[in-house]
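Structural data, given as structure tokens:
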């Protein structure tokens with residue numbers, strides 16, 4: 001039986017459907033049909049602008065983002081796809097705080113919906129630190145269909161592991 005590490009929190013019946021798609025070698029075709037396009041946000045500068053535009057549209061009064069970058073070490077070292085951090089430094093008698101968002105480099109070559117989903121997720125943490133109902137409401141507000149996209153991203157990661165030979 002195929003271990004589906006990205007889908008372990010989902011119901012068994014749904015996992016069985018995914019196992020069937022894998023067994024029939026249809027998971028890749030499903031994803032290609034549903035997400036045929038790739039985005040053009042390839043540089044850290046373009047990613048910063050992309051995040052800033054979304055923040056401006058949905059979280060106007062949130063804290064300023066100082067840095068947004070693709071991070072090639074996130075996926076492997078931290079088992080994370082995105083990361084938001086606050087770095088505080090003392091400068092004279094003041095405490096300066098900088099907000100950073102790091103997005104796993106694997107998102108350079110994905111569907112635009114997947115990049116938006118991970119950016120929306122990290123931006124939502126500017127308002128809600130916990131993964132609670134308010135957090136997911138904000139995610140759904142910024143990206144209608146957020147939950148389906150998150151599920152499909154988990155399918156994409158499963159497919160990616162299978163095609164790279166990584167145990168699923």
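Numbering (UniProt numbering), first residue to last: 1 to 168.
Glycine included, C-beta positions come from ideal geometry on N, C-alpha and C.
- According to DSSP, residue 69 shares a beta bridge with 102.
- Contact between the segment 24-43 and the segment 57-64 is absent, with fewer than three C-beta pairs closer than 8 Å.
- C-alpha of residue 54 to C-alpha of residue 14: approximately 32 Å in a straight line.
- Within 10 angstroms of the beta-carbon of residue 20 lie fewer than 16 other beta-carbons, which makes it exposed.
- Residue state for residue 38 is assigned as coil, using DSSP reduced to three classes.
- Relative to residue 52, the option among 120, 157 and 152 whose CA is nearest is 120.
- The beta carbon of residue 66 is closer than 7 Å to those of 98, 99 and 100 in its chain, skipping five residues each way along the sequence.
- In its chain, beyond the 5 residues on either side, 142 have a beta carbon closer than 6 Å to the beta carbon of residue 58.
- Residue 91 carries a strand assignment under DSSP once its states are collapsed to helix, strand and coil.
- For residue 151 and residue 69, the gap between their C-alpha atoms comes out near 24 Å.
- With fewer than 16 neighbouring CB atoms inside 10 Å of its own CB, residue 33 falls in the exposed class.
- In the three-state reduction of the DSSP assignment, residue 11 falls in the coil class, being assigned neither a helical nor a strand state.
- Residue 2 carries a coil assignment under DSSP once its states are collapsed to helix, strand and coil.
- Shortest Cα-Cα distance from residue 163 to any of 12, 84 and 29 involves 29.
- Residue 131 carries a coil assignment under DSSP once its states are collapsed to helix, strand and coil.
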